[in-house]
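Student: Protein chains in written order, with the UniProt record's numbering: chain A, 1 to 959; chain B, 1 to 959. Quick reminder that beta carbons are idealized off the backbone N, C-alpha and C, glycines included. None of the values given here were measured: they were computed from a predicted structure.
Protein chains: 2
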Amino acid sequence: GKHRPVLSPAAERLRHILGEDDSTPTPTIFTEMDTLQQEGGELEWKESARWVKFEEKVEEGGERWSKPHVSTLTLHSLFELRTCLQTGSILLDLEGYSLPQIVEEIVEQQIADGLIPPDLKEKIIFVLLRKHRHQTKKPIHRSLADMGKSSNAASSKHVYSVCMPFYVPISSYERNRSMNDISDTPSTDQLKNKFMKKIPRDAEASNVLIGEVDFLDKPFVSFVRLAQATTLGGLTEVPVPTRFLFILLGPHGKTKSYNEIGRAIATLMVDDLFSDVAYKARDREDLIAGVDEFLDEVIVLPPGEWDPKIRIEPPKKVPSSVLNLNELGQVNGLAGGAAGGEDEELPAPHELGEELKFTGRIGGGLWLDIKRKIPWYCSDIYDGFHIQSISAVLFIYLGCITNAITFGGLLGDATDNYQGVMESFLGTALAGSVFCLFGGQPLIILSSTGPILIFEKLLYEFSKNNDVDYMELRLWIGLHSCLQCFLLVFSDASYIIKYMTRFTEEGFSSLISFIFISDAIKKMVAFKYYPINRGFKPDYITAYKCECIAPDQAWDNNSLDLPTLNTFSFNLTDLDWSQLSKKECVKYGGMLVGNSCKYVPDLALMSFILFFGTYSMTVSLKKFKFSRYFPTKLRKLISDFAIFMSIMSFVGLDMLMGLDTPKLIVPTEFKPTRSDRGWLVMPFGKNPWWWYLASFVPALLVTILIFMDQQISAVIVNRKENKLKKGCGYHLDLFWVGVLMAVCSFVGMPWYVAATVISIAHIDSLKMESESSAPGEQPQFLGVREQRLTGTLVFVLTGLSVFLAPILQYIPMPVLYGVFLYMGVASLSGIQFWERIKLYLMPPKHQPDFSFLRHVPMRRVHLFTLVQIVCLAVLWILKSTFLAIIFPVMILGLMVVRKLLDLMFSQHDLAWLDDILPDKDKKKKEDEKKKKKDKKAPEPESDEEVRKCTIWQVWICLS
Amino acid sequence: GKHRPVLSPAAERLRHILGEDDSTPTPTIFTEMDTLQQEGGELEWKESARWVKFEEKVEEGGERWSKPHVSTLTLHSLFELRTCLQTGSILLDLEGYSLPQIVEEIVEQQIADGLIPPDLKEKIIFVLLRKHRHQTKKPIHRSLADMGKSSNAASSKHVYSVCMPFYVPISSYERNRSMNDISDTPSTDQLKNKFMKKIPRDAEASNVLIGEVDFLDKPFVSFVRLAQATTLGGLTEVPVPTRFLFILLGPHGKTKSYNEIGRAIATLMVDDLFSDVAYKARDREDLIAGVDEFLDEVIVLPPGEWDPKIRIEPPKKVPSSVLNLNELGQVNGLAGGAAGGEDEELPAPHELGEELKFTGRIGGGLWLDIKRKIPWYCSDIYDGFHIQSISAVLFIYLGCITNAITFGGLLGDATDNYQGVMESFLGTALAGSVFCLFGGQPLIILSSTGPILIFEKLLYEFSKNNDVDYMELRLWIGLHSCLQCFLLVFSDASYIIKYMTRFTEEGFSSLISFIFISDAIKKMVAFKYYPINRGFKPDYITAYKCECIAPDQAWDNNSLDLPTLNTFSFNLTDLDWSQLSKKECVKYGGMLVGNSCKYVPDLALMSFILFFGTYSMTVSLKKFKFSRYFPTKLRKLISDFAIFMSIMSFVGLDMLMGLDTPKLIVPTEFKPTRSDRGWLVMPFGKNPWWWYLASFVPALLVTILIFMDQQISAVIVNRKENKLKKGCGYHLDLFWVGVLMAVCSFVGMPWYVAATVISIAHIDSLKMESESSAPGEQPQFLGVREQRLTGTLVFVLTGLSVFLAPILQYIPMPVLYGVFLYMGVASLSGIQFWERIKLYLMPPKHQPDFSFLRHVPMRRVHLFTLVQIVCLAVLWILKSTFLAIIFPVMILGLMVVRKLLDLMFSQHDLAWLDDILPDKDKKKKEDEKKKKKDKKAPEPESDEEVRKCTIWQVWICLS
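1) Would a check of beta-carbon distances place Thr359(A) closer than 7 Å to chain B?
2) Are the Cβ atoms of Arg311(A) and His69(A) separated by less than 7 Å?
3) Of all Cβ atoms in chain B, is any one closer than 7 Å to the Cβ of Val300(A)?
4) Is it right to say Met269(A) is buried, meaning 16 or more other beta carbons lie within 10 angstroms of its own, or is it exposed?
5) Under the DSSP definition of a beta bridge, which residues are partnered with Pro812(B)?
6) Does the segment 607-622 of chain A come within contact of the segment 806-822 of chain A, defined as at least 3 CB pairs closer than 8 Å?
7) Taking the alpha carbon of Ala404(A) as the reference point, which residue from Gln809(A), Gly799(A) and Arg82(A) has its own alpha carbon closest?
8) Can you grab the Cα-Cα spacing for the pair Val298(B) / His846(B), in whole Å?
9) Tell me which residue opens and which closes the alpha helix (DSSP H) that Ser48(A) is part of.
10) Can you name the residues of chain A whose CB is closer than 9 Å to the CB of Met33(B)?
11) By the three-class DSSP mapping on this structure, what secondary structure does Arg225(B) have?
12) Between the segment 61-93 of chain B and chain A, which residues of the former have a C-beta closer than 8 Å to a C-beta of the latter?
13) Quick one: which chain A residues come within Cβ less than 7 Å of Thr267(B)?
14) Could you pull the start and end residues of the alpha helix (DSSP H) that Arg243(B) belongs to?
15) Just to make sure I have the definition right: I need the residues of chain A whose C-beta is within less than 7 Å of the C-beta of residue 961(B). Which are they?
16) Quick one: what does DSSP say Asp467(B) is sitting in, helix, strand or coil?
17) Which value, in whole angstroms, describes the spacing of the CA atoms of Val802(A) and Leu664(A)?
18) Confirm, please, whether the CB-CB distance from Pro601(B) to Asp602(A) is below 7 Å.
19) Is there a C-beta anywhere in chain B that falls below 7 Å from the one on Leu910(A)?
20) Evaluate Glu669(A) with the Cβ neighbour count: other Cβ atoms within 10 Å of its Cβ, from every protein chain shown; 16 or more gives buried, anything less gives exposed.
21) Pro858(A) CB to nearest chain B CB: under 7 Å?
22) Tell me which residues share the same chain as Met524(B) and place their Cβ nearer than 6 Å to its Cβ, disregarding the 5 neighbours each side in the sequence.
23) Between which residues of its own chain and Arg284(B) is the CB-CB distance below 6 Å, once the five residues before and five after are set aside?
24) Can you list the alpha helix (DSSP H) stretches of 4 or more residues lying completely in the segment 821-882 of chain B, in chain order?
25) Note the first and the last residue of the continuous alpha helix (DSSP H) segment covering residue 966(B).
26) With DSSP as the reference, please indicate the residues paired to His132(A) in a beta bridge.
27) Between the alpha carbons of Asp307(B) and Cys728(B), how many angstroms are there, rounded?
28) Which residues of chain B have a Cβ atom closer than 9 Å to the Cβ of Arg311(A), listed in chain order?
29) Check each candidate in Leu511(B), Ser257(B) and Val52(B) and name the one with the smallest Cα separation from Leu878(B).
30) Can you list the residues of chain B that Asp272(A) reaches, using a CB-CB cut of under 8 Å?
31) Over the uninterrupted beta strand (DSSP E) stretch that includes Gln37(B), give me the two end residues.
32) Does the Cβ of Ile704(A) lie closer than 6 Å to at least one heavy atom of the ligand PLP?
33) By the criterion of Cβ-Cβ separation under 8 Å, what are the contact partners of Ile609(A) in chain B?
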């Protein structure tokens, strides 16, 4: 049951003053707290703490700023502050132009209010106009000059010599010029202060002055708001104009208590709500209402469970600073408790945005995609000019050429070099750059994928066995497939991926990651060509040899008992067999005899060191961003260039060792791999005409393959977590993939679709974080540098790699496999499925505070994870058989499993662990209606939604 | 200025009631909070949170306990609780034996107080006697049984079937048996609850019941203290007797607010101060005073700087729970602020305890040492029976035999095998086990050290060149040295190490660590015997060979142009040269020809992998203790056995590869390494008589060497941080080292002193941590398992190693070097000097919150570190020259440098960065008197202290 909240009087008052004029936002407040210090009989104001958002304290003796931390106050000090504001003098909208004038007015006011006797006026003014000493960072070279002096003496001497040329007896309180230590204009120290960068431009200062004097017997408290923010000379550490002044002078003996009151008002001044109140307060009561409201919202830690000396690190995220008047006084109040509370809320529903709406017009989606992307086109270019792009290009480039070489090599094997490494390079360059220049989501990286490779292999075998021309058949399949893609594009068919939930996405991307990881490791283990020389005894080195023996001689050697001189065969071949290399020997039909022939020393272990070293160095350097060493910018640079630096290091190590590790070899001549084919494939002439039509059937398979592969990758790239701002273009993407299929078929190059892992790596390498503004504020993930430049450059470089062979040949393959391994592992992190697998090994008390763990029983979570693991295992097994060709179709199987999960899990659990299927949204709502539970249900779907679901179900049944 | 604190009324009241009877400590309180839930029309009390010290919440939906966290309350709820206590009924010392009776009394009281109308009695009693459902962990296998059912349905069904056999209409409020769902005796669930382990034995329960009902229009609040703690059936999750009951029933619509009040009283009940008040309160006013006092000490977090949803992890340490009445109301009060505050305190002065007092009697120190150690002797044995000891023994044993082999080998080289590996093994076993059985500090591990090795080398060379019998000369030096040690022991000379500060200790131990690290790496780099076959081309394998060629034939081969058949030489030697192994070939004067002779494949890289792998695996496994995976006990086991597991893994890998890596070889026959010497060395007969006297001079050097080396290591082992409880025995230690010197000299074995790094490793492997009692409490470091068993076992095993050779021969040396590297690196961690070096690379904002950084300016810290680095560099250079022999004497140099630092740094800075030298304590005090600063100075030293300082200064001048 809900009823209109009853507000407390304080909240009512605040609603009134804050509600009056909500349009002008108040400036940010920077607070500085200075305390009165007596050094050698001289008084001065010394900065002791400052606040932008969090507190920074001057370490006594340490002469440095503490780390920013959350201000922990005592409740006592807040109450005392409240009393101070009730009894002290409040001057609102005082016209002030200089500190002496303001101080004079404050003191006059106090006398007028009868708070202090008039004879103290001069003394108080004298004290308030003492020099302010700020904590500025001292250069390190000073330390050497300080040698031999105690540091305290050194620094105080410095101050005296500058600002205290002669001794002013504290008893001669006269109001002359010497009384005023403060200059009217900001000093160079102030102007040079680098801290200024951390303060927002519109900031105004609030100065808190806390001191003990001997001539007062009760505290002198004054809160001043100036009519205009005014720069009051050396009052503030930075040249920020002062708007607020809080002065607390009191009798001796209560320093700690006064300091706590100063910290309390300073913390209040940087509080969003109270600073608003301070700007808009009409009178003392408003301020006190502000304090009360603050008190009502504070969080209290029990003394026995927390040590007040611990400085609390600023949290990753603080509640939104947007002031919500409706929530005023309602959050904790008895008045307005909502049944259930925050714990009962369901997670935000899965949203894919309007890009996937079914328009109902022919090519409507494509048209919308183009309309959406065109306005960004310019920024797509100039957003790319950033140092981060360089590292991204290098990283992705290396990934791409490794991929191109691997798939090129495999394709060459599979198709008798009709498509080889050369085609793979050029095709990657062509398809990739076209897609990055014109595609809907330029962050997607195109690449050959496993299923396509298997399809080509089967197709080539079929053609050879049936005497069909492979290239021509392939061309026709490509053309059909291109047309089918267009059909899908113009019918807005991509909208169906809206029905893919986290379960499906995670299954797909984990599988791809596992394939990457296992491929990398498999390739390393495949160093069977360089076996380790086990059981090698260094002492018997003389017995290890590998000799080339002429073919006829070999026979003789078998009957080695009596050596005969075979001058005959020697003359016959005219070859010095023992001088031949291994390859030559085999070539000329010689025989390799000896026990060391198959061993290659050091290579296996060296490869392992390069592989594992590259991987671990990359991981460590990536993590370096979170270390304590070096300034933030340098750390970020190191982290951004982690992969490049690791590759360089291990290429260097490899060169240093000078071992014959397998190196990256790129083709250097610009011609098709197979010499009997030209660049262009002719569509007619080699096969009977009915093949042109029949190729429709295999094309259908290719289309499903491409559609699933492309669009799931796109969904993963366009995930909400990536905070992409420029929109995506599923229809446009598919359009270009179709076009490129046709083009690649004509020039006999491989077909390309989006590569999940490399695309994720591309995004990861382009992530932006906010520069932290206020000290202690955590940098926030802002989004991804969305542009077309890096992708395009990567593919241009891939194309140019044909000419870069002399440089690239120094890169050992194990290093690249290390990069592969890193890519696979990195793309696993951040997948919830993976986090849930880890939960199996964690005792409950160590488990991270995931929100789904707060809402779903552990055993349900484990069961859900188990289902995912089983699905993946089945997919993995299928993938290893000939069924790999229908691999993307198997993703449909995942979706069926997800549908069955609705029977096993409650919608509530699924909402937390996965997303609710669109047709379930409604069902769930009905469930809830029945149960009459007070949960926030997602908005009801339109009828169209329901219709779509039916289409979807038909689709599942068909496939 | 200080004056007697004025207490607040609340504090005055508490002082009264708590001061009355401070002798009986109150039991610990376990609090359980249950809320009233309505499921399917049925009411039940469901556990929602519990407190032992920190809060654990039942995750709604998650059906699990949250991690223990600090209870963050709202100030609002505390105020509301205060109001509740003011208006509700308070029943103190109620005689209660069953829940129905107690509930009846509560309700009667409310009616008597006129708080509720009598007609509600039945309804309230009905509600309060509903069944309590506790959150108990469900076994994981249930999850499979639950398949196909929605989890919510499943669990509620379960509950209904057990405790709600028939439906009781909520309108028929009759007081019959069915009203009372609660059994009188604890259920088996309660008794079986493993959580009981976490609750202290003397604990009493406090039950908080919070509920909403429809028949009340204002809250029903009752606070009950029972006269005796009574087990009230199924009320509490564990069979802990209930002492307190807090009941809050209220009208609908304020669930959240009620829950917050419940959390507030629950948190108060586990607060040390308030629970005391609750036990001793005489009336309502006392309770409210308790709340007020609690409020006065709470810590407040500003709402804008902290998100209340964040669960705060329990701190490493909370302020002491000892209730100090004098501090009551004084901590935060305006009343009693001490000038300066906690920041001005100096660190605790360096203390070495009474063990190093100068007794002034002959052998007084030794006598005290013996008196101190004797009572512990039995526990020294039986404290060793613990699983941790096994891992410690394995670890230290491996370190010891590696050391014994290394030093044995080097000594053998240096002394022409007069002392070899055999002597090293037996000497280590003998000296070590005697020391561990009878020494003052059995945690110290004796070993050969570098300086001794160098001394022996120089001595042997001297003897050889001057025709003096080495063994006899060495015996006399040993005897003299032993006597000198006795002199030092009986004159209590060890007290001088009292003047060694952190500066000296850290310098010494860092240097030793660096030597360990550099030795380990040097030994790895020394694999020049197995160079990598650079530039190897697998294709030219046929050209790689290494042939053994007969000496005369070699000449012919140089003129290889025309091959001649050397049947002549063949017959001459009658050897098939090509069948000889490398060693044989060299032995018979053959010549090794070929380009592969000096290469051994794979060995270098394999050694590197073993070395680095052992090191990194050990580091990772050690760190595993802090990971989130696996239960705490398993993690601790893995961490304890980290070194053993790494060694086993890499020994396994090495065996798998079957490469001929250099293995650990221990002598197998029990005889002196050099066959021309017997076990016993005769003191007379070989050298002229005056050598017996002259050996006094070199003996003096050895004594200084041994004294410094032994005692600095002992100081490091006995550091306060290690929390040793059984006391140490510097004099006793030195006594046994002296005795062992004489014994070892007689049997011609090396001399032994304490080895810093291995001793630290020994201590590290025996560290104890408290089992965390209350959930969320951090385990505390309790101390070290001080006993004589592990040390003795290590050395017995070392002695037996002669027979373990068949097993030990599988351990490759690189694995052991990896262990060495780990030991060196591990002993560096925790040294403040090392932490300060790291500060150079950290920008100030990332620096950890070291206390010295709060008090000493950064540039002074850096300067101090720089001085230490320079000192170490100088020592390192000296160590690398022949001056290494006076290495321990150089430690005296470090002390001189430390003395000079008094001129460069203020005593304040040194007190934080180092310790104050004893004679400076007084000086400092005088300084302070002059400055009239209000700092806490260490207690003045006695006159004797001053006298000692003079002796100390003389000592420095002499050396």
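Tutor: Quick answer:
1) no
2) yes
3) yes
4) buried
5) Lys663(B)
6) yes
7) Gly799(A)
8) 29 Å
9) Where Ser48(A) is concerned, there is no enclosing alpha helix (DSSP H), although the beta strand (DSSP E) it sits in stretches over Glu42 to Trp51.
10) In chain order: nothing, as chain A lies at least about 15 Å away.
11) strand
12) Gly61, Gly62, Glu63, Arg64, Trp65, Ser66, Lys67, Pro68, Val70, Ser71, Thr72, Leu73, Thr74, Leu75, His76, Ser77, Leu78 and Glu80
13) Pro302
14) Unbroken run through Arg243(B) is the beta strand (DSSP E), Thr242 to Gly250; no alpha helix (DSSP H).
15) The question about residue 961(B) has no answer, for chain B in this structure spans 1 to 959.
16) coil
17) 12 Å
18) yes
19) no
20) exposed
21) Sequence inspection shows Met at residue 858(A); the Pro mentioned does not correspond to that position. At least one chain B Cβ lies under 7 Å of Met858(A).
22) Phe611 and Tyr817
23) Ile90
24) 832-839, 851-855 and 858-880
25) Shown here, chain B extends from 1 to 959; a query on residue 966(B) therefore has no answer.
26) Trp45(A)
27) 50 Å
28) Asp849
29) Leu511(B)
30) Gly304
31) Ile29 to Glu39
32) The ligand PLP is not part of the structure shown, which contains no ligands of any sort.
33) Leu605, Phe608 and Ile609
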